[in-house]
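First comes the structure, then the notes that go with it.
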Amino acid sequence: MTPNGAIVLAAVLVGGAMLTRDLVGLAALSLFCLGFGAIELRGRTVRALAWSAAIMAPLAAFMAVVWVGVVGRSPGEIAAGVTGTRAAALTHVTVICTRLFLIALVTQLVILRFADMTPLAFTRALRAPVVLKKLIALTLSWIDTILHAVDRSRTALITAGVITPRFSARNAANGWILVQTVWLSVITIAIGRLRDKWPAENTLARLDEALAAPAPPFRIGDGAWIAAAIAAVATARVV
Amino acid sequence: MRRDLIVGDNFSGRSAALHAGLKQGETFFVGPYAEAALSGLSSTVADEIAIYARRPDDAFAAIDWTRFAGRKPATLSGGEQVLLALHCFSRSAYRAIAIDTALEQLDAQNRAAALAWLAACSDVTLIDNRIDHIDGWTRRAQAGGASDHACDLAAMMTELKPRAAPVVSIRAVDFAYAPERPIFRALDLSLPPRVYRLLGANGSGKSTFFKILVGVLGTARGAFLLDERSYDPRREGNRVFALATQNPDHQWCGATLAEDIARRRRALRAHGVAPPSDAALAALASKLGVRSADQHLYELPLAARKRLSWLWPFSGAMPWIMLDEPTIGQDRATRQALSAVILHLSRIGHGIIVVTHDDEFAGTIPHQPLRITDMTIRAA
């Protein structure tokens, strides 16, 4: 499979998840994703499942408390002005959470499928204008800059005793200091690059050159998976 | 062929002269710290190389970068980042390179290799506080001018507070960033208070050791003792080690000096440590070159930021002092004055661990060398 094939496949599946409105259809799409993972990723599928479940769990718990515990009926029932049931609210929460879980799972499956490629190599292989590829590369680098700033700000504040390395009341009270320090660090790092490094080198032109490779053509595997995904989406809409 | 060595004291305008002389857009630039050494456009070491690589031959490769291909550049040590920058230049289409004090972060072997390799390049401009002359290079001297941030370390001596630093014992400590990347295994060490110099190649774990002692990084196994009493910095909070990081910007707790001081004072009190008074800290900061508490830390020149990073280690708030590459960016006079301060602090009871690749500086301070080797630390 090629990166372009994976992007199209992901778009089809995410679109399908957005269009599918019932649990059975979403379950069908989930089964398709599991099949894709089993063939393309094998054992790493478990990692994708665990990551997607972990990232969805807090939202699922929150929605369950609000809709099932507090509101006690679904949005459709509220709109219709009927009494409603907690079971309907639970169905509503399950559909929303399954849909988001599916989107997280598709994203993670694609990321893991191309884990052996560096972000730059993946971006370079995309069939897209250089401007868009550059935007993706800059966005990824910006994320890395923020993560680096978090790491160094955390080091500074733990060393000074302003926050602690573990959960604590002090962290709750001083969390905003961490946010401020991270933001100051990000700005300092960005200024350092923009003022000294990038003008001297015209570094962004080097990025353009690095991204300006022709995209590899689609392969048979891409077509097969995309066709199967379209079929799965159609099935999910019918059942 | 152009090989320029720009020399001068701090604040004499060397960096400005370097930037004024380089061809904008055509010169590879290696600044003093990561944000000005690496492109900032890559998520991995392999990508950083790919952005620049235009030729496979003539590469400067002090490290086998294939082993680091998947690492995030920001997670490399300071020295490794400089070596990566030099490798990228050696693979690039640039003909000119400008280096602003970055080579000071390299260990002796890598530094010698880098200088030898640069001597064969066609267009090099270098600032390095430890080099006053290189045969065959043009020496461009910058006249020293008055600076708002001049420091007076000698005058600071009388204000340094005596401490009775505890003996630090480390028992059977294991630490790894990942299972495949162990740093320390069964580390045993006893450190009575005195001056230590921690040695090790770039990336061997020197800064990591400091982060473990202050509780930023947690160990998989092992224990810490202070005068034979248990000490867990991750649980209790750091109340023993004052750390001046290699990059001073890695230790600020506020936007201004006043904000930084106020937050640290509150944190120290919370840990049962009596902080120095505001007046004492202001006096100390003034001698380190910052006269106003309203000074924005990030707006200071780099050399001044580095000096101000010694404020808390020298304040006497904590009995142990850890200085990570304190001489980076500092001129000869400041390095000499700093060595006198470290000696004095040791005499009045502080324990001090210094990481420095500056052999000349280390030679001026009687110390016990410690070397990181085979994932442990041994007296050298």
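Protein chains in written order, with the numbering used here: chain A, 81 to 319; chain B, 4 to 383.
Built from N, CA and C at the ideal position, the CB exists for glycine as well.
Excluding five sequence neighbours on each side, which residues of the same chain lie with their C-beta closer than 6 angstroms to the C-beta of residue i?
i, result
"Leu326 of chain B", "Ala247, Val357"
"Ser18 of chain B", "Asp103"
"Phe32 of chain B", "Ala101"
"Arg5 of chain B", "Asp126"
"Ala365 of chain B", "Arg200, Thr359"
"Asp7 of chain B", "Thr128, Thr141, Arg143"
"Pro228 of chain A", "The displayed chain sequence assigns His, not Pro, to residue 228 of chain A. Cβ neighbours of His228 of chain A beyond the five flanking positions: none."
Could you tell me which residues DSSP pairs with residue i in its beta bridges?
i, result
"Asp327 of chain B", "B:Val358"
"Thr141 of chain B", "B:Asp7"
"Gln333 of chain B", "None, per the DSSP bridge assignment."
"Tyr199 of chain B", "B:Ile356, B:Gln371"
"Phe31 of chain B", "B:Ile100"
"Met184 of chain B", "Here residue 184 of chain B is Arg; the residue named in the question, Met, does not match the sequence. Per DSSP, B:Ala181."
"Ser172 of chain B", "B:Ser193, B:Leu228"
"Ala259 of chain B", "Ala is not the amino acid found at residue 259 of chain B; the sequence shown has Thr there. DSSP lists B:His299 as partners of Thr259 of chain B."
With the cut-off set at 8 angstroms, would you say residue i and residue j are in Cβ contact?
i, j, result
"Leu185 of chain A", "Ser132 of chain A", "yes"
"Trp323 of chain B", "Ala77 of chain B", "no"
"Thr198 of chain A", "Ala175 of chain B", "no"
"Ala285 of chain A", "Ala101 of chain B", "no"
"Lys309 of chain B", "Leu156 of chain B", "no"
"Asp276 of chain A", "Gly11 of chain B", "no"
"His90 of chain B", "Ala64 of chain B", "yes"
"Gly225 of chain B", "Ile173 of chain B", "yes"
"Thr239 of chain A", "Asn241 of chain B", "yes"
"Asn1 of chain B", "Ala343 of chain B", "Since the first and last residues shown for chain B are 4 and 383, residue 1 of chain B lies out of range."
"Asn84 of chain A", "Ala236 of chain A", "no"
"Arg317 of chain A", "Leu99 of chain A", "yes"
"Lys213 of chain A", "Leu206 of chain A", "yes"
"Leu121 of chain A", "Ala312 of chain A", "no"
"Ser46 of chain B", "Asp224 of chain A", "yes"
"Arg57 of chain B", "Ala117 of chain B", "no"
"Phe142 of chain A", "Leu189 of chain A", "no"
"Ala97 of chain A", "Ile191 of chain A", "no"
"Thr125 of chain A", "Asp302 of chain A", "no"
Helix, strand or coil: how does DSSP classify residue i here?
i, result
"His299 of chain B", "strand"
"Gly105 of chain A", "helix"
"Pro316 of chain B", "helix"
"Ser193 of chain B", "strand"
"Tyr177 of chain B", "One point to set straight first is that residue 177 of chain B is Asp, not Tyr, in the sequence displayed. Looking at Asp177 of chain B - three-state DSSP - the assignment turns out to be strand."
"Ile243 of chain A", "coil"
"Ile380 of chain B", "strand"
"Arg3 of chain B", "Since the first residue of chain B shown is 4 and the last is 383, residue 3 of chain B is not available in this structure."
"Gly85 of chain A", "helix"
"Asn251 of chain A", "helix"
"Leu93 of chain A", "helix"
"Cys154 of chain B", "coil"
"Val219 of chain B", "coil"
"Asn144 of chain A", "A small fix is needed here, since residue 144 of chain A is Ala in this sequence, not Asn. DSSP places Ala144 of chain A in helix when its eight states are reduced to three."
"Ala343 of chain B", "helix"
"Lys3 of chain B", "The structure shown does not extend to residue 3 of chain B, since chain B spans only 4 to 383, so no value can be given for it."
For residue i, which residues in the same chain have their Cβ closer than 8 angstroms to its Cβ, ignoring the five residues on either side in sequence?
i, result
"His172 of chain A", "Trp147, Ser154, Pro155, Gly156"
"Ala111 of chain B", "His360, Asp362"
"Arg197 of chain B", "Ser349, Gly354, Ile355, His370, Gln371"
"Ala153 of chain B", "Phe14, Gly292"
"Gln333 of chain B", "Asn13, Asn132, Ala306, Lys309, Arg310, Leu341"
Less than 7 angstroms between C-beta atoms, sequence neighbours within five positions excluded: which residues of the same chain meet that for residue i?
i, result
"Leu163 of chain B", "Phe317, Gly319, His347, Leu348, Ile351"
"Val217 of chain B", "Pro236, Asn241, Phe244, Leu246"
"Ala40 of chain B", "Val33, Gly34, Gln84, Val85, Ala88, Ala105"
"Ala288 of chain B", "Leu260, Leu311, Leu314"
"Ala144 of chain A", "Val173"
"Asp263 of chain B", "Trp255, Cys256, Gly257, Leu300"
Is any non-hydrogen atom of the ligand FAD found closer than 7 angstroms to the C-beta of residue i, if you look at the structure I gave you?
i, result
"Arg381 of chain B", "With respect to the ligand FAD, the structure shown offers nothing to examine, as it has no ligands at all."
Ignoring anything shorter than 4 residues, give me the alpha helix (DSSP H) runs that lie fully in the region 181-237 of chain A, in order along the chain. 199-204
Enumerated in chain order, which unbroken segments of the beta strand (DSSP E) with a length of 3 residues or greater are wholly contained in the region 102-139 of chain B? 126-130
Can you check the region 266-316 of chain A for any alpha helix (DSSP H) of at least 4 residues that lies completely inside it and give the ranges in chain order? For the region 266-316 of chain A, the full-length alpha helix (DSSP H) segments reaching 4 residues or more read 278-281, 283-291 along the chain.
In chain order, which continuous runs of the beta strand (DSSP E) of length 3 or greater are located wholly inside the region 40-104 of chain B? Contiguous beta strand (DSSP E) elements confined to the region 40-104 of chain B occur at 99-103, taking only those with 3 or more residues.
Please give me, in chain order, every unbroken run of the alpha helix (DSSP H) with length at least 4 that falls completely inside the region 226-252 of chain B. You should have 236-239.
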